[in-house]
Amino acid sequence: MNVLDVRGLRKVYPAFTLDGVSFSLEPGKITGFIGRNGAGKTTTLRCLTGFVRPDAGEIAFFGLPPAGREAEIRQKIGFVSGGVDFYPRKKLRAITSVTRAFYSGWDEAAYADCLRRFSLDENKTPAQLSAGMRVKYALALALSHRAELLLLDEPTSGLDPVSRDDLLDVFLDLSAGGKTILFSTHITADLDRCADNILYLRNGRLLADAPLRAWVDGYRAVALPDAPLEPAAEAALIGKKRSKTGFSALVPAEKARLFASAAPASLDDVMIHLEKEGEGC
Amino acid sequence: MLKNLLRKELCLAMHPTGALMLALSAMVLIPNYPYTVIFFYSTLSLFFTCLQGRENNDVSYTLTLPVARRDAVRGRFALAALIELAQLALTGAFCLVRRSLPLPANAAGLEANLSLLGAGFLLFGVFNLVFFPRYYRNIEKVGAPFALASVVFFVLVAAGEALEHAVPFVRDRLDSLDPAYLPARLAALAAGLVLWLLLTALAYRRSVKFFSRLDIA
């Protein structure tokens, strides 16, 4: 059974439409949710967590639709949207004390471990924490009630490289323990390090739902001089854009033989050139 | 669940005036004062709580907890009911204290008696019905619902004052400390309580309906 099934998720705003997003999350997998700002990642996550009411579509957590079971399902979900931005002048101790009472599976040892691992002082208030520390506190709350699914919106934003690395270790440990993680990020290096699968959203539409490595390996990056190409080679280019020495682009892996400069693409390469290609649509 | 929701309201969400305004129940010891105004102060503290909640992202926090949307509304109504009942209980206690003091009858409005408590129930019920459903239509707009609820509140207070002068039953029996008319004042208290229950239940249902449709930014 999938941890999460989303079918035809749609939300219409005056200036933006999340259009027919469908995907599933398998147990124990880490899925990266990528797309440029405004692509619909946060809207999707907020639809999943009940903050935003979708106009259409079906959502099922652990095989169950959330209607009438919100409380039961949320016991098994941890949601982090950036850093803690609530009750900025209450001590963390007070916020945690109230929060833990709601969770039947609250794990005090896990919480204490998060406090130690993230160097959090419970006597501070969110207003006294840096942006990165507020993210860590939000994560500490989400990781302390034995959630089976973690929905994380930009969890590594604002974290220093060491903390990010530490957090990715936590994700890998959780994944190895059977937990499922969906996290949106702009830091593709984080996904390279830990993601199994990738969801790529562009202008409200899901363009890719695939294993990360297979998706990236489906493309090659090419660097081209500013000179005419053979028509077949020109037609194979995806997201051609100016570079210092000429042009760069993606090409499908099966067409890489047409280019002497074809090299393995990074996730950044794939995302940037696909976005460039999308601008021409 | 309700216990946890109420604890969250008291420990995190409630504005400090929620407790402070209760002390204003002692205003029934002022010899001449429109005592129904006392109840306005608690509605003000509920407004401050909702306003502060907006600034503190209280709803966003609540929706990350394992609760249904209606539970977020339920917690806030539980807090409102607690504050309103506490204010009425304290006002009742100070009414008794007032009886033991050598104070003249109140010349500025309803006497400090059971009718006053019945009027308090009615005013709180109407406040709940006017304020909360509008607040839960758009939790970013707290001021407009409170402005409307305040206008309705004071129109009712003024109407009550007018009734005291225009209707002999109100003037002679409800606005009195005469033991002979105690049944009438008890009936006023019971009617106020029933109306408070009905109006608050209706306010809750409408608030849940509106809040369930709301997108939280």
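Going down the list, the sequences are from chains Z and G.
Residue 174 in this note's numbering sits at position 170 of the first sequence, and the numbers go up by one each step.
Residue 57 in this note's numbering sits at position 74 of the second sequence, and the numbers go up by one each step.
Cβ coordinates follow ideal geometry from the N, Cα and C atoms, glycine included.
Within the chosen definition, does the region 76 to 94 of chain Z reach the region 219 to 231 of chain Z through at least 3 CB pairs nearer than 8 Å?
A contact between stretches requires three or more CB pairs, one per stretch, nearer than 8 Å, and the region 76 to 94 of chain Z fails this requirement with the region 219 to 231 of chain Z.
Keeping to the same chain, check which residues put their C-beta closer than 6 Å to that of residue 46/Z; ignore five residues upstream and five downstream.
Taking the first residue of the first sequence as position 1, residue 46/Z is located at position 42. The beta carbon of residue 46/Z sits closer than 6 Å to the beta carbons of 157 from its chain, once the five residues preceding and following it are set aside; these are given in chain order.
Under the three-state DSSP convention, the category residue 243/Z falls into:
Against the first sequence, residue 243/Z aligns to sequence position 239. Note: residue 243/Z maps to strand in three-state DSSP.
What is the rounded straight-line gap between the Cα of residue 285/Z and the Cα of residue 279/Z?
As a first step, residue 285/Z must be located in the first sequence, where it is residue number 281. As a first step, residue 279/Z must be located in the first sequence, where it is residue number 275. The predicted model places residue 285/Z with a pLDDT of 47, which falls under 50 and marks its position as unreliable; any figure quoted below should be read in that light. Each residue's alpha carbon lies about 10 Å from the other.
Go through its chain and collect everything with a Cβ distance to residue 68/G's Cβ below 6 Å, but skip five positions before and after it.
Residue 68/G sits at position 85 when you count from the first residue of the second sequence. There are no such residues.
Euclidean distance between Cα positions of residue 190/Z and residue 29/Z
For the purposes of this step, residue 190/Z is taken as residue 186 along the first sequence, with counting starting at 1. For the purposes of this step, residue 29/Z is taken as residue 25 along the first sequence, with counting starting at 1. Whole-angstrom Cα-Cα distance: 20 Å.
DSSP state of residue 165/Z mapped onto helix, strand, coil
Against the first sequence, residue 165/Z aligns to sequence position 161. Shown here, residue 165/Z sits in a helix according to DSSP, grouped into three states.
Could you give the distance in angstroms between the alpha-carbon of residue 104/G and the alpha-carbon of residue 75/Z?
Looking up residue 104/G in the second sequence gives position 121. Looking up residue 75/Z in the first sequence gives position 71. The alpha-carbon of residue 104/G is positioned some 33 Å away from that of residue 75/Z.
DSSP beta-bridge partners for residue 10/Z?
Numbered from its first residue, the first sequence carries residue 10/Z at position 6. Answer by DSSP bridge pairing, in chain order: 27/Z and 63/Z.
Grab me the residues of residue 27/Z's own chain with a C-beta within less than 6 Å of its C-beta, minus the 5 sequence neighbours each way, in chain order.
Within the first sequence, the letter at position 23 stands for residue 27/Z. Once the five neighbours on either side are set aside, the close Cβ partners of residue 27/Z are 10, 203 and 213.
Cα-Cα separation, residue 121/G to residue 127/G
Position 138 of the second sequence holds residue 121/G. Position 144 of the second sequence holds residue 127/G. Spanning the alpha carbons of residue 121/G and residue 127/G requires a straight line of approximately 10 Å.
Around the C-beta of residue 230/Z, are 16 or more other C-beta atoms found within 10 angstroms, so that it is buried, or is it exposed?
Along the first sequence, one-based indexing puts residue 230/Z at 226. Answer is exposed; the Cβ neighbour count stays below 16.
Mind checking residue 130/Z: buried by the 16 CB within 10 Å criterion, or exposed?
By one-based count along the first sequence, residue 130/Z stands at place 126. Buried, by the Cβ-count rule.
Cross-strand partners of residue 203/Z (DSSP beta bridge)
Locating residue 203/Z in the first sequence gives position 199, where the first residue counts as 1. Looking at the DSSP assignment, residue 203/Z forms a beta bridge with 37/Z and 213/Z.
For the pair the region 46 to 56 of chain G and the region 139 to 151 of chain G, tell me if three or more CB-CB distances fall below 8 Å.
Remark: fewer than three beta-carbon pairs, one from each stretch, lie closer than 8 Å, so the region 46 to 56 of chain G and the region 139 to 151 of chain G are not flagged as touching.
Going along chain Z in order, which residues have a C-beta closer than 8 Å to the C-beta of residue 125/G?
As a first step, residue 125/G must be located in the second sequence, where it is residue number 142. Within chain Z, no residue comes near residue 125/G; the closest Cβ sits about 17 Å away, beyond 8 Å.
Can you check whether the CB of residue 179/G is closer than 7 Å to the CB of residue 101/G?
Within the second sequence, numbered from 1, the residue matching residue 101/G stands at position 118. Within the second sequence, numbered from 1, the residue matching residue 179/G stands at position 196. No.
Step through the CB atoms of chain G and report whether any lies within less than 7 Å of the CB of residue 59/Z.
Against the first sequence, residue 59/Z aligns to sequence position 55. Chain G places no beta carbon closer than 7 Å to that of residue 59/Z, leaving this residue out of the contacts.
Straight-line Cα distance separating residue 55/G from residue 42/G:
Counting from 1 along the second sequence, the entry for residue 42/G is found at position 59. Counting from 1 along the second sequence, the entry for residue 55/G is found at position 72. Distance from the CA atom of residue 42/G to the CA atom of residue 55/G, rounded to whole angstroms, is 7 Å.
What's the C-alpha gap between residue 65/Z and residue 51/G?
Here residue 65/Z refers to the residue found at position 61 when the first sequence is read from its first residue. Here residue 51/G refers to the residue found at position 68 when the second sequence is read from its first residue. Residue 65/Z and residue 51/G: Cα-Cα distance of roughly 15 Å.
Would residue 61/G count as contacting chain Z if we go by Cβ distances under 7 Å?
The residue you call residue 61/G lines up with position 78 of the second sequence. Cβ-Cβ to chain Z under 7 Å: no for residue 61/G.
Cβ of residue 87/G within 7 Å of any chain Z Cβ:
In the second sequence, residue 87/G corresponds to position 104, counting from 1. No, because no Cβ of chain Z sits closer than 7 Å to the Cβ of residue 87/G.
Based on the DSSP output, what are the partners of residue 21/Z in its beta bridges?
On the first sequence, position 17 is the one that residue 21/Z refers to. Looking at the DSSP assignment, residue 21/Z forms a beta bridge with 16/Z.
Could you round the C-beta distance between residue 63/G and residue 29/G to whole angstroms and report it? I think they count as a contact, below 8 Å.
Sequence index remark: in the second sequence, residue 63/G carries index 80 (1-based). Sequence index remark: in the second sequence, residue 29/G carries index 46 (1-based). Between residue 63/G and residue 29/G, the beta carbon gap of about 5 Å places them in contact (Cβ cut-off 8 Å).
Given a cut-off of 7 Å on the beta-carbon distance, is the pair residue 240/Z and residue 273/Z in contact?
The count along the first sequence starts at 1 and reaches residue 240/Z at position 236. The count along the first sequence starts at 1 and reaches residue 273/Z at position 269. The answer is no: Cβ separation not under 7 Å.
Hey, would you say residue 5/G sits closer than 7 Å to residue 73/G, going by beta carbons?
Residue numbering aside, residue 5/G sits at position 22 when the second sequence is read from its first letter. Residue numbering aside, residue 73/G sits at position 90 when the second sequence is read from its first letter. The criterion of a C-beta distance shorter than 7 Å is satisfied by residue 5/G and residue 73/G.
Strictly below 9 Å CB to CB, what residues from chain G border residue 2/Z?
Examination of residue 2/Z is not possible in this model, given that chain Z is present from 5 through 285 alone.
Excluding five sequence neighbours on each side, which residues of the same chain lie with their C-beta closer than 7 Å to the C-beta of residue 215/Z?
Within the first sequence, residue 215/Z is the residue found at index 211, counting from 1. Answer for residue 215/Z: 200 and 201, listed in chain order.
Keeping to the same chain, check which residues put their C-beta closer than 8 Å to that of residue 270/Z; ignore five residues upstream and five downstream.
Numbered from 1 along the first sequence, position 266 holds the residue referred to as residue 270/Z. Shown here for residue 270/Z: same chain residues with a beta carbon closer than 8 Å to its own, the five before and five after excluded, namely 192, 196, 220 and 225 in chain order.
Is any beta-carbon of chain G found at less than 7 Å from that of residue 2/Z?
The structure shown does not extend to residue 2/Z, since chain Z is modelled only from 5 through 285, so no value can be given for it.
Candidates 110/Z, 7/Z, 151/Z and 31/Z, of which the one nearest residue 182/Z by Cα:
Position 178 of the first sequence, counting from 1, holds the residue named residue 182/Z. That would be 31/Z, whose Cα lies nearest to the Cα of residue 182/Z.
Assuming residue 103/Z contacts residue 152/Z under a Cβ cut-off of 8 Å, what Cβ separation, rounded to an integer in Å, is found between them?
In the first sequence, counting from the first residue as 1, residue 103/Z sits at position 99. In the first sequence, counting from the first residue as 1, residue 152/Z sits at position 148. About 18 Å separates the two Cβ atoms, so there is no contact after all.
Here's a check: name, in chain order, each residue in its chain whose Cβ is nearer than 6 Å to the Cβ of residue 71/G, leaving out the five neighbours to either side.
Residue 71/G sits at position 88 when you count from the first residue of the second sequence. Cβ neighbours of residue 71/G beyond the five flanking positions: 100 and 103.
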